[in-house]
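The numbering of the sequence shown is this note's numbering, which starts it at 148 and goes up by one. Beta carbons: idealized from backbone N, C-alpha and C, even for Gly. Computed from a predicted model, the values in this text were never measured in an experiment. Beneath this line is the structure, given in structure tokens, with notes to follow.
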Amino acid sequence: MSEAERGGRPSPVATDGGLSDGTPLLVGEDLEREFRTGPEVVRILRGASITVNTGEVVALVGASGVGKSTLLHLLGALDRPTSGRVLFEGVDLFRHGESALARYRRQEVGFVFQFYNLLGEMSALENAMLPPLLERRPWREARERAAAALAEVGLADRMGHRPGEMSGGEQQRVAIARALMNGPRIILADEPTGNLDPKTSEIVYDLFLQLQAERGIAFLIATHNPDLARRADRIYRLIEGRAREMSGTTDAASGLPV
């Protein structure tokens with residue numbers, strides 16, 4: 148994305164020519180993450196590697212507690228790995244300081260969570276306005292962009308409603324609109340349909356695919372829903388702390404179904 152497309156903002160990390168050479172958009176390379184509880188060390192990730200290319204939808208499946216959220220947090224620079232690298236457009240994110248990581252989170256990545264993470268005292272419009280306001284964009288510009296994003300996700304008539312006045316599917320669409328506000332290259336979605344009924348889950352997933360087609364946004368979606376996972380371009384299964392790419396709807400190594 149050019150500086151003009153960013154509204155004059157510099158890229159959060161310097162790159163040499165973007166992705167024209169076939170460099171993947173986002174790579175997690177041999178990621179390990181361990182947590183200490185007193186003398187005990189819990190290893191969540193044990194050398195997980197994953198690749199997301201520009202404009203593709205990648206599903207991440209696996210049992211509860213296996214580390215899917217941990218992996219997404221590392222790829223989104225919400226947490227640091229114990230070892231391994233996260234590469235964005237070929238650049239090692241964690242070789243940069245906190246200010247560059249903050250710019251990466253604000254400008255390049257959108258986040259969508261299972262529990263929406265909306266502010267209950269704010270309207271849908273006000274929730275969606277937060278990212279550009281944190282970027283110190285003018286209030287009027289933030290409002291116009293938020294209104295356009297909410298209209299894009301089908302909520303033009305719900306902008307003045309607060310989260311408590313909206314259904315779960317509507318709240319998740321507000322969260323998606325908020326994630327779109329600063330023009331991310333990739334959206335990391337952590338169980339985005341986990342609290343939704345099957346019909347609403349389909350609507351949300353269809354919206355992801357629409358945004359992929361129309362905006363060229365890449366998605367990495369952690370999900371327990373095998374039917375939705377099968378609609379992705381590629382699938383990884385996280386097991387025993389490692390990410391294994393699936394072949395079609397089966398595990399390439401074991402032949403197990405997704």
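### Whole-number beta carbon distance between L222 and G175, since they are thought to touch under 8 Å
Within the sequence shown, the letter at position 28 stands for residue 175. Within the sequence shown, the letter at position 75 stands for residue 222. That belief holds up - the Cβ atoms of G175 and L222 are roughly 5 Å apart, short of 8 Å.
### Query
Contact check, A369 vs D337 under 8 Å by CB: the rounded distance?
Stepping through the sequence shown from its first residue, residue 369 is reached at position 222. Stepping through the sequence shown from its first residue, residue 337 is reached at position 190. Indeed they touch by this definition, with Cβ atoms about 5 Å apart.
### Query
Would a C-beta distance cut-off of 8 Å place L302 and E317 closer than the cut-off?
Residue 302 sits at position 155 when you count from the first residue of the sequence shown. Residue 317 sits at position 170 when you count from the first residue of the sequence shown. Closer than 8 Å, so yes.
### Task
Can you grab the Cα-Cα spacing for the pair R378 / L277, in whole Å?
Position 231 of the sequence shown, counting from 1, holds the residue named residue 378. Position 130 of the sequence shown, counting from 1, holds the residue named residue 277. Approximately 31 Å between the Cα atoms of the pair.
### Message
Am I right that A324 and A296 are in contact with their C-beta atoms under 8 Å? What's the rounded C-beta distance?
### Response
Counting from 1 along the sequence shown, the entry for residue 324 is found at position 177. Counting from 1 along the sequence shown, the entry for residue 296 is found at position 149. The pair is a contact, with the Cβ atoms about 4 Å apart (cut-off 8 Å).
### Query
Nearest to D380 by alpha carbon, out of R242, E187 and G202?
Here residue 380 refers to the residue found at position 233 when the sequence shown is read from its first residue. Cα-wise, what sits closest to D380 is G202.
### Query
By how many angstroms is the C-alpha of G311 removed from the C-alpha of K346?
The residue given as residue 346 occupies position 199 in the sequence shown. The residue given as residue 311 occupies position 164 in the sequence shown. The straight-line gap from Cα to Cα measures roughly 21 Å.
### Query
Helix, strand or coil for Y383 per DSSP?
Within the sequence shown, residue 383 is the residue found at index 236, counting from 1. Of the three classes helix, strand and coil, the one that applies to Y383 here is strand, per DSSP.
### Query
What separation, rounded to the nearest whole angstrom, lies between the Cα atoms of E387 and V199?
Taking the first residue of the sequence shown as 1, we reach residue 387 at position 240. Taking the first residue of the sequence shown as 1, we reach residue 199 at position 52. The alpha-carbon atoms of E387 and V199 are separated by roughly 21 Å.
### Query
Would the beta-carbon of F366 fall within 8 Å of that of V205?
Position 219 of the sequence shown holds residue 366. Position 58 of the sequence shown holds residue 205. Their beta carbons are under 8 Å apart, which means F366 touches V205 by this criterion.
#### Entry: Secondary structure, beta strand (DSSP E): runs of 3+ residues fully inside the segment 313-380
333-337 and 365-369
### Query
With DSSP run on the structure shown, which of helix, strand or coil describes R305?
Taking the first residue of the sequence shown as 1, we reach residue 305 at position 158. If DSSP states are grouped into helix, strand and coil, R305 belongs with coil.
### Query
Can you list, in chain order, the residues of its chain whose CB lies under 8 Å from that of R183, leaving out five sequence neighbours each side?
Position 36 of the sequence shown, counted from the start, is the residue given in the question as residue 183. Closer than 8 Å at Cβ, skipping near neighbours: V189.
### Message
If you reduce the DSSP assignment to three classes, tell me which class R183 lands in.
### Response
Position 36 of the sequence shown holds residue 183. Strand.
### Message
Suppose you measure from the CA of K215 to the CA of I364; what does that come to, to the nearest Å?
### Response
In the sequence shown, the residue the question calls residue 215 occupies position 68. In the sequence shown, the residue the question calls residue 364 occupies position 217. Each residue's alpha carbon lies about 21 Å from the other.
### Task
Compute the Euclidean distance between the alpha carbons of R250 and R284, then round it to the nearest angstrom.
Translated into the one-based positions of the sequence shown, residue 250 becomes position 103. Translated into the one-based positions of the sequence shown, residue 284 becomes position 137. Roughly 14 Å between the two C-alpha positions.
### Query
So what's G209 in DSSP terms, helix, strand or just coil?
As a working mapping, residue 209 is identified with position 62 in the sequence shown. G209: coil per DSSP, three-state reduction.
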